[in-house]
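Heads up, the thing below is written out as structure tokens.
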Amino acid sequence: MSVNTPSSSVPTGASRFQVHVVNEGRGSGAAMSDSTDPPHYEETSFGDEAQNRLRISFRPGNQESYDNFIQNGDAAKTDTTFHAYDSHTNTYYLQTFGHNTMDAVPKIEYYRNTGSVSGPKVNRPSLLEIHEQLAKNVAVAPGSADRVANGDGMPGDEQAENKEEDTAGVVKFGWVKGVLVRCMLNIWGVMLFIRLSWIVGEAGIGLGVLIILLSTMVTSITGLSTSAIATNGFVRGGGAYYLISRSLGPEFGGSIGLIFAFANAVAVAMYVVGFAETVVDLLKESDSMMVDPTNDIRIIGSITVVILLGISVAGMEWEAKAQVILLVILLIAIANFFIGTVIPSNNEKKSRGFFNYQASIFAENFGPSFTKGEGFFSVFAIFFPAATGILAGANISGDLEDPQDAIPRGTMLAIFITTVAYIGVAICVAACVVRDATGSINDTIVSGMNCNGSAACELGYDFSRCQHEPCQYGLMNNFQVMSMVSGFGPLITAGIFSATLSSALASLVSAPKVFQALCKDNIFKGLQFFAKGYGKNNEPLRGYLLTFVIAMAFILIAELNVIAPIISNFFLASYALINFSCFHASYAKSPGWRPAYGIYNMWVSLFGAILCCAVMFVINWWAAVITYVIELSLYIYVTYKKPDVNWGSSTQALSYVSALDNALELTTVEDHVKNFRPQCIVLTGGPMARPALLDITHAFTKNSGLCICCEVFVGPRKLCVKEMNSGMAKKQAWLIKNKIKAFYAAVAADYFRDGVRSLLQASGLGRMKPNTLVIGYKKNWRKAPLSEIENYVGILHDAFDFEIGVVIVRISQGFDISPVLQVQDELEKLEQERLALEAAIKDNESEEGKGGIRGLFKKAGKLNITKPAPKKDSNINTIQSMHVGEFNQKLVEASAQFKKKQGKGTIDVWWLFDDGGLTLLIPYILTLRKKWKDCKLRIYVGGKINRIEEEKISMASLLSKFRIKFADIHIIGDINIKPNKESWKVFEELIEPYRLHESHKDLTTAEKLKRESPWKITDAELEAVKEKSYRQVRLNELLQEHSRAANLIVLSLPVARKGSISDLLYMAWLEILTKNLPPVLLVRGNHKNVLTFYS
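Per my numbering: the sequence shown = residues 1 to 1095.
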């Protein structure tokens, strides 16, 4: 029993609720019978109280009976005679709600997944345990009832404690250090210090701020979508990959996860090369080059990435400390810039265009001034990568204390802070520095010179020659403007170092984490090697090494201008899919989509997805095309492989909604004969037990009609329901594995016929309801109990009563291969045990001397290696005791005969009675299938001997109007003649054991025989339907004559009139009709048209 059990003593915490107790003892009830007080009821409150103690309310005069329960403010424990489910003693109401019943109170442990890292999963009492009698289903250990009732513990507590011990050394981060710091560092890149001034110079303050806001809009929408997805359930490690895969499924998640991890790995190289280039520039200034610029970048980059790898491998705690230090440096560098803008400029800085805050400069730089080849979108494409990096915190979701709280709070705050910083820096630098400057202190305005009207001219400098020749200074020309403006230039260089190294470090951590999560899900089978984690934090050391190798490879190339646009597009593709995931989950209307973060809108998310895709083409169209091609290729690969995972994705939810909508829409459409298709209930039992019956049905329902494999469990309901439910998923999975487009349905019933009757009436949905029953011929009817025969024939009567067509299929070997499956299962078990024993022996040999033969027996015991006990009177022993090798082989071959491609031959259709056309439609559909397309239709119909040609022409005309191709038409004119004596004698011998022969007895004896054996065939019945019996025997003769070599015979099923034809006589008809023939389909439609020649 799994219930919540707090301690018996009352805790002092404010969360402890109070129980008001009334006395329901028998004595007190009598004493107070005359009281006019209103009845007192148990009350439970969660309000705070000064002492937060258990409070008990008494009726007048009853306080003494409760004194023994309160000692020093604590509830006393009950005596050992108290039972956990006792509701008749005074202690009953002292129990916390939920501890005096088998029914469990709501608790988080019931909803965890097995193996959850956040705590143990506890199984709540099953409905069976609560519903059935307690004594039969609950075994209470001695003392356990009191222990649970008094709150001394609960099952699973020890597991929880052990779990906490296991996770004691794991490092987890809060929202500041885990998300905010990382996102800010990743968003603030080199662009802030060396390119933002150029961007605002080209676009002006107005369009520059618009570019920043447009970039922020993309990242903000993505941040909102990320927050919504991250708060819709527990988030594990894997970042963007985890969010996308659990929302859209493994196809999208697997494809984007791989390229996202690769993009992060290459981004490490990009950031490190950016750092190395800055260092090389400093070496150039000091004339300290080691080799040449390219090789110096490689050397410095290689050393840097090795150091970063060391920090990452040392553990997430060290990496987080390094990130905090880098952020402090970065913030000091930004503050240094703002301080520099208010420090009065000197002549040297003025000659380079810096004049402190000036309204004239602000006004001049407000509008755009694009140089040749530049425009709004080209400048936007250069800036946008500076706004990315918002997933840096989400990428380490597995290392966060509370990802659901940390990701939304940290990500959105980081976007806000960095956006304000970008806008602030852009406006300040554009209000202080002119676009073009010569750098010469001699270019001042001399008295008498005409001013060209520029802001610099008004401030005493003439930079007019920059209009005719290139200048080296100003917003448009000098990438080191921020260093010039700042209070202390080297701090800006330190900021550049901090920005590049922090981004590289974040990417170096993100790539392995995302890649490890992808590999753990085993979507790409060959990558399982990288799923292993090490240490308390499950560090992906193998992933770190792979990321290091990829980064080193691209650092050694040292030319990343080509690969950079592709990497930016990889990140944007991830953003697009995150936005689409949020939209898709909302659009699917799944009840499981309940994000705690409510500040999102599905249409805004869709707009964000479209915006991301548009930005991809704005940045670089050919890189966008390459990204889509790679993603589509991976998507197709994962879809083809069909990984065996079920994450409850929104794709599944939308599939359900679409199916439901289509089913409802279908109900508004009236049935039309042109759209008729066989929709079959197939009584296969377990689908693997009668594969041939399922195969022939699937042949004419595949891709065109409904097929439901049905099984009826007969017996005690509890056992049947348990067996039925336990095998449901397995049998549906077998259908999927064998690529059979069918459903599996089962019912539990007291009688087989009742179960089938329920299936016939209740199966299907709306217009997708079965209209045809497919059942195997009961080959063993002569040896079967009478009740089985009555059930079998009764099912046919029920189908006709419900106006459902019937197809009875007969093959020579029968359909049921359950005995063979039993033998196969036993052999598989024996083989597994043999392999396990061999493995144990091998292990023992390798550890010889460390345990001897005892070790072997211990291992064998662990592996459950035991000799299987012989089963007396089992089907297996019966089969093995016979010479059944050939029998089993024939049965297996027969069970697979409809899986094979049918060679050139014929399907003979004996359309003797017009049933609406089902007898003709089924074989026609078969000829459309690949396995049956080489078979031609031969049509046999009854007719008059003197009108054979006319009726042949008439039938040919009808078939041509139905547009059904046929090879030949045969008019059988001698159906109604008597069969030969030998055939009739076989029939008489067949029914002889079941005849009553009452005509040879006196009337009294005859009546007695009828009462004793009402199921037998009477002479009167046999005489009344003698002509019909002749017809069945005669038809078998004709079938032997004309269709013995056919691949398949489709024959009109004779109908037994209720109350006129006994069950045994009807079975004899079916037996003699289909005896010694190829596979036969006995078909009878519901006598409603299924064929039409109207358009």
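For each residue, glycine too, the CB sits at the ideal point set by N, CA and C.
Computed from a prediction, not measured in an experiment: that's the story for all the values here.
With contacts defined as CB atoms closer than 9 Å, S895 and R690 qualify as a contacting pair. Beta-bridge partners assigned by DSSP to T772: C680 and G805. Rounded to the nearest whole angstrom, the CA to CA distance from M616 to P106 is 48 Å. Apart from sequence neighbours up to five positions away, the residues of its chain that approach L541 with a beta-carbon distance below 6 Å are Y534, ordered along the chain.
For D968, the enclosing beta strand (DSSP E) stretches over residues D968 to I972.
Restricting attention to R677, G543, L213 and E348, the CA atom closest to the CA of V420 is found in L213. The residue from L921, G238 and A333 with its alpha-carbon nearest to that of S704 is L921. A distance below 7 Å between beta-carbons, with the five flanking residues on each side excluded, links A494 to the following residues of its chain, in chain order: I329 and A333. In terms of CA proximity to E998, K1010 leads the group I991, K1010, F338 and K731. Of the other Cβ atoms in all chains shown, 16 or more fall within 10 Å of the Cβ of G1085; this residue is therefore buried.
Nearest Cα to K520 within the set A506, V509 and N538: N538. For the options I817, K783, L694 and S758, the alpha carbon positioned closest to that of I808 is the one of L694. In the three-state reduction of the DSSP assignment, K1016 falls in the coil class. Counting only runs of 4+ residues, the alpha helix (DSSP H) found wholly inside the stretch 221 to 292 occupies 239 to 248 and 250 to 285, in chain order. Between F362 and A320 a beta carbon distance of about 41 Å is seen, past the 8 Å cut, so the two are scored as non-contacting. In the DSSP assignment, the residues bridged to R810 are V1080. DSSP places S1052 inside the beta strand (DSSP E), whose first and last residues are L1048 to S1052. Cβ atoms of P770 and G764 come within 8 Å of each other, at about 5 Å. Non-local C-beta neighbours of H970 in its own chain, meaning closer than 6 Å and more than five positions away in sequence, comprise Y940, ordered along the chain. T294 sits exposed, since fewer than 16 C-beta atoms from the chains shown fall within 10 Å of its C-beta. The three-state reading of DSSP puts L185 in helix, counting H, G and I together.
The beta-bridge partner set that DSSP reports for I492 is empty. Pairing S586 with A663, the inter-Cα distance amounts to about 21 Å.
Residue environment for G238: buried (at least 16 other C-beta atoms within 10 angstroms of its C-beta).
Counting along the chain, no alpha helix (DSSP H) covers C466, and no H or E run does either.
Within the same chain, Cβ atoms closer than 7 Å to the Cβ of W175 are found at D405, A406, R409 and G410, the five residues on either side in sequence being excluded. Here Y110 is exposed: its Cβ has fewer than 16 other Cβ atoms, across all protein chains shown, within 10 Å.
K936: member of the beta strand (DSSP E) spanning C935 to G942, first to last residue.
In the DSSP assignment, Y994 forms no beta bridge with any residue. The three-state secondary structure of W932, taken from DSSP, is coil. In terms of Cα proximity to A359, the closest of F370, K372, S454 and T697 is S454.
Boundaries cannot be given for W911, as no alpha helix (DSSP H) includes it and DSSP labels it neither H nor E. Considering only L207, I972 and Q824, the residue with the shortest C-alpha distance to E950 is I972. The criterion of a C-beta distance shorter than 9 Å is satisfied by I229 and S581. Where A104 is concerned, there is no enclosing beta strand (DSSP E), because DSSP gives it neither an H nor an E. In this structure, S255 sits near L634, with a CB-CB distance shorter than 9 Å.
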